[in-house]
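Report on one structure; see the data block that follows.
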Amino acid sequence: MLALRQFLRGLRAGHYRTLLLALIVTIAALTAVGLFAERMQRLMNTESNNLLAADAVLTADHVIPLAALASVQPYGLQTAQTAAFPSMVGAGDAAVLASVKAISGPYPLRGKLLLQGQGRVSGPPPAGEVWLDPRLATRLQLATGGTVRLGSRDFRIAALIDKEPDTAIDFSSLQPRLIMNAVDLQSTGLIGFGSRVKYRLLAAGPQQQVAAWKLALKPQLARGERLEDVREAQPQVKVALERAEHFLRLVTLLAATLSGVAILLAARRHAASRADAVALFVTLGAHRAQIRWLLLGELLLLFGAAAVLGGLVGWGAQTVLAWSIQAQLPAPLGPGSVLPWLTSCAFGAVLLVGVAGPSLLQLAATPPLKVLRRELTAPPRLWLALLLSGSAALALLWWVAGSLKLAGLVAGGIVVALLLAGVIGWALVRAWASLSSDFAARIAVRQLLRRRWLAAAQLAALTIGLLGVWLLTSVEGDLLRAWQNKLPPDAPNQFALNIQPEQAADFGKALRGVGVPGEPQLQPMIRGRWVAKNGQPVKPEQYAEERAKQLAEREFNLSWGEQLRVDNQLKAGVPLDPKQPGFSVESGLAETLGIKIGDTLDFDVAGTPVSAKVVNLRQVDWDSFKVNFFVVGTPELFRNAPTSLITSFHLPPGSNQQVAQLSRQFPSVTLIDVGAVLAEVRRVLDLVSGALRLVFAFCLAAGITVLLAALETTAPERHREIAVLRALGATRSQIGAILWREGAAIGAAAGLVAGLAASVCGWAIGKTVLELQVGFNWGLPFYSTITGLLLAGVVTAWERRRLARATALELIRDPG
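Residues in the sequence shown are numbered from 1 upward in steps of one, following UniProt numbering.
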């Protein structure tokens with residue numbers, strides 16, 4: 001009860017103001033940003049699954065086993081099945097190779113299947129009827145109501161397909177689509193022993209249930225089976241989602257870092273402010289154990305109040321954020337979990353107990369006279385407590401960041417910034433002391449040197465606060481703009497495959513005829529199967545990772561070239577030499593399959609062996625939507641190989657007639673529309689852009705709290721010095737000048753260093769974590785320095801206003 005009474009009395013007196021504010025802002029900011037990011041990330045994942053028509057897909061080259069079908073039931077997931085294969089579709093004397101898909105169940109489970117004139121549908125067409133891709137209908141010169149022959153049966157065309165969700169994912173058959181009911185499949189006579197059919201089991205449901213099902217099923221997969229989600233099926237979407245997660249986690253990490261510094265400063269100030277109360281209790285006969293329990297009780301009550309208030313504020317704020325952008329979202333945001341609030345509470349508790357706890361316990365063990373005289377020594381185990389709490393806080397930050405590299409870059413940037421701030425601050429003060437003859441400047445320099453450790457703490461806090469705010473500005477501006485620039489409005493949304501070399505000139509002319517400017521960038525493409533590495537046969541069984549197994553047994557699209565493509569970067573090795581046989585391998589593929597520079601790779605290209613050493617590894621910009629290859633060789637390697645050409649280009653939305661025109665003019669060329677994938681990547685980018693602008697306010701609040709905590713921490717010592725100057729006859733204008741020069745020195749040094757560090761950190765994070773090309777922002781150091789000076793002016797004005805109402809005696813008695 002005594003702890004409660006002391007806590008309530010302290011609240012009314014304002015003793016807990018700074019610490020309570022720091023805790024509330026910390027918990028509110030981390031809860032709001034973490035919860036909002038969690039909900040946004042879940043929405044982006046769910047919406048991206050539209051490209052897969054499901055949340056997860058089991059693909060097999062044989063009929064889906066009954067055991068796999070039964071494995072879904074315990075998790076309560078929705079399911080549908082498809083079977084896809086190439087087949088000739090006839091009408092009269094015409095016949096066209098098509099990609100047939102037989103479906104059963106409520107296909108699609110995610111996304112929309114749209115039919116012309118009918119809108120959105122779910123499930124297969126009625127038995128005896130089919131839906132056709134308009135390109136297929138055009139080639140067969142048919143319309144709705146006509147009849148097509150598939151295998152040994154005739155089917156009525158019930159509708160034309162307007163949009164199919166998983167077309168961009170399913171590259172196994174690149175021909176125009178025909179969708180039929182699975183019950184009619186056997187009657188066509190097309191499915192038999194040796195048929196090349198791709199069977200799919202689609203599953204969708206709550207994210208945790210889908211993840212649990214995948215985890216349980218993966219160890220049971222047989223040869224020819226693979227389990228994948230949209231990230232594994234589509235590299236561009238994977239890059240976009242991972243980059244979005246990094247952006248959101250980076251914002252959360254910055255909010256956590258700023259809030260943590262605010263708690264550290266406020267907790268130290270709180271422990272010092274309780275000194276008089278502890279001395280009074282000891283004088284009145286209170287035992288050390290009673291005082292310890294009293295102080296810990298106050299601390300627990302303070303934290304409990306902050307946890308509840310911060311949680312409510314954070315939950316309410318992110319609810320407002322979600323409501324404010326709901327109109328821009330493709331679907332409502334789902335409910336969030338309690339995990340962000342628990343994480344924020346754990347983070348705040350670790351720092352509060354680790355910093356304030358040892359100091360408060362030491363107060364209880366110090367004689368009253370020493371307490372009143374402020375003759376306090378550091379607790380014997382303070383450094384151990386700080387080390388443990390600091391390690392726990394860093395572990396939480398690592399967990400929040402989700403990446404050791406990201407957390408390390410931010411932490412390293414802060415450490416370097418603090419060291420640099422100390423050096424620049426010390427040099428600035430020393431230079432000022434030797435060059436300035438101004439009275440106020442000399443006094444300011446002496447006071448800074450006299451309390452150098454408090455000045456260093458204030459400089460450090462201001463540096464971290466400005467660094468966090470300006471780094472977030474860099475994230476929201478430079479890094480996000482760099483990502484947007486990677487997806488220009490005219491990014492390729494169409495791919496053309498199987499172009500024969502003799503068709504190259506005519507196809508380029510046809511592209512210009514439908515509005516595609518310039519000459520197409522035609523790239524050679526050769527199909528080849530990887531058969532050996534360093535003379536040893538390649539077997540899927542030798543790899544543990546599922547993706548590696550899939551890559552080891554698939555055919556590769558190979559290419560040749562003499563120079564590195566503009567959207568590729570050399571990571572290791574030397575450029576290809578046209579005079580020497582060699583391979584250039586994409587770095588991600590090399591890491592997955594354990595390929596290193598100097599390894600000899602053997603490919604089977606149409607029955608002809610092709611062998612060479614790996615001479616370099618390169619990084620491919622998959623989200624550029626340009627033509628790229630896993631393996632590129634020198635021209636001499638593929639001189640006699642059967643080669644076709646591939647290119648990508650951009651057509652504006654609603655260009656179906658132009659696509660149909662190209663299909664009629666070049667029936668052997670396969671046209672693939674990846675507009676759905678491009679639109680999904682753009683949607684992810686737009687969502688991240690909106691989210692970052694909204695959560696900027698929370699990080700800004702955390703940065704302001706750091707600055708307030710820094711001012712409160714150093715206020716008592718400054719006010720004592722000012723009281724002495726007042727007693728010695730200094731005027732208010734002189735004291736104001738001293739305060740301004742003192743603040744300007746700290747503000748300018750902190751602003752300059754914070755701006756430089758934010759620019760370097762932004763560049764490093766963009767290059768190593770987000771894989772974006774970002775230049776050094778020279779404007780940040782200038783703007784940050786100006787901000788530091790402006791803050792110094794605001795603080796000086798606030799201090800002068802407070803001092804104008806207080807006498808020297810009042811400042812000495814109550815310096816805080």
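Idealized CB from N, CA, C, for every residue including glycine.
These numbers were taken from a predicted model, which means no experiment stands behind them.
Nearest-angstrom Cβ-Cβ length linking residue i and residue j, presumed shorter than 8 Å
| i | j | result |
| --- | --- | --- |
| A750 | T463 | 4 Å |
| A60 | Y199 | 5 Å |
| T314 | A37 | Looking at the sequence provided, one finds Gly at residue 314 rather than Thr. Actually they are not in contact, since the Cβ atoms of G314 and A37 sit about 12 Å apart, beyond 8 Å. |
| D55 | V210 | 5 Å |
| I499 | L645 | 4 Å |
| R529 | N557 | No, R529 and N557 are not in contact; Cβ-Cβ is about 11 Å, not under 8 Å. |
| A421 | L459 | 5 Å |
| S71 | L217 | 5 Å |
| R39 | Q550 | Between Q550 and R39 the Cβ distance is about 32 Å, and since that is not below 8 Å, they are no contact. |
Any non-hydrogen atom of the ligand ADP within 6 Å of residue i CB
| i | result |
| --- | --- |
| T785 | The ligand ADP is not part of the structure shown, which contains no ligands of any sort. |
Span separating the alpha-carbon of residue i from that of residue j
| i | j | result |
| --- | --- | --- |
| G224 | H62 | 8 Å |
| G465 | V753 | 11 Å |
| G311 | I161 | 49 Å |
| E541 | S152 | 40 Å |
| L511 | Q619 | 30 Å |
| residue 819 | F625 | Here the chain covers residues 1 to 816 and nothing more, so residue 819 does not appear. |
| L382 | V353 | Below a pLDDT of 50, predicted positions are generally treated as unreliable, and L382, at 48, falls in that range; the measurement from the model is reported next regardless. So the alpha carbons of these two residues sit roughly 11 Å apart. |
| residue 823 | D229 | Shown here, the chain extends from 1 to 816; a query on residue 823 therefore has no answer. |
| G762 | W470 | 9 Å |
| G588 | G90 | 43 Å |
| P108 | Q73 | 19 Å |
| A378 | L780 | The predicted model places A378 with a pLDDT of 47, which falls under 50 and marks its position as unreliable; any figure quoted below should be read in that light. Using only the alpha carbons, I get a separation of about 39 Å. |
| P130 | E555 | Just to set this straight, residue 130 is Val in the shown sequence, not Pro. If you take the alpha carbons of V130 and E555, they lie about 31 Å apart. |
| V631 | V585 | 5 Å |
| L140 | L150 | 13 Å |
| L77 | K405 | 36 Å |
| P815 | A32 | Its pLDDT being 48, under 50, P815 is placed unreliably by the model, and nothing is read from it. |
| V516 | A660 | 15 Å |
| V320 | S474 | 25 Å |
| V197 | F666 | 27 Å |
| I672 | A83 | 20 Å |
| F155 | T188 | 10 Å |
Among the options, the one whose alpha carbon lies nearest that of residue i
| i | options | result |
| --- | --- | --- |
| V57 | V610, I526, G205 | G205 |
| P126 | T634, A159, A641, G762 | A159 |
| P86 | V96, Q569, L296, A80 | V96 |
| R565 | Q580, Q542, L522, K509 | L522 |
| A306 | F347, I414, V531 | F347 |
| K533 | L601, E553, T473, I597 | L601 |
| Q569 | V531, N616, I595, K579 | N616 |
| Q318 | F782, F303, W341 | W341 |
| D577 | I595, G633, F629 | G633 |
| V350 | I263, G128, L406 | I263 |
| L43 | Q78, T31, L23, R110 | R110 |
| A505 | G316, P520, E129 | P520 |
| P642 | T167, F666, M525, K579 | M525 |
| A748 | A98, A203, W426, T167 | W426 |
| L409 | T787, V760, A70 | V760 |
| Y543 | P501, W778, L593, D93 | L593 |
| T147 | A94, Q550, Q580 | A94 |
| A552 | F507, F603, K509, D599 | F603 |
| P106 | V416, N181, E591 | N181 |
| N777 | L756, T785, V794 | L756 |
In DSSP terms, what residue i is bridged to
| i | result |
| --- | --- |
| W560 | G633 |
| N616 | G573, S584 |
| A60 | Y199, E225 |
| G90 | A95, R149 |
| I672 | F495 |
| P609 | D604 |
| L160 | L132 |
| T79 | A203 |
The stretch 125 to 144 touching the stretch 19 to 28, judged by at least three CB pairs closer than 8 Å = no
Decide if the stretch 491 to 507 is in contact with the stretch 608 to 615; the criterion is three or more beta carbon pairs, one per stretch, under 8 Å apart.
-> no
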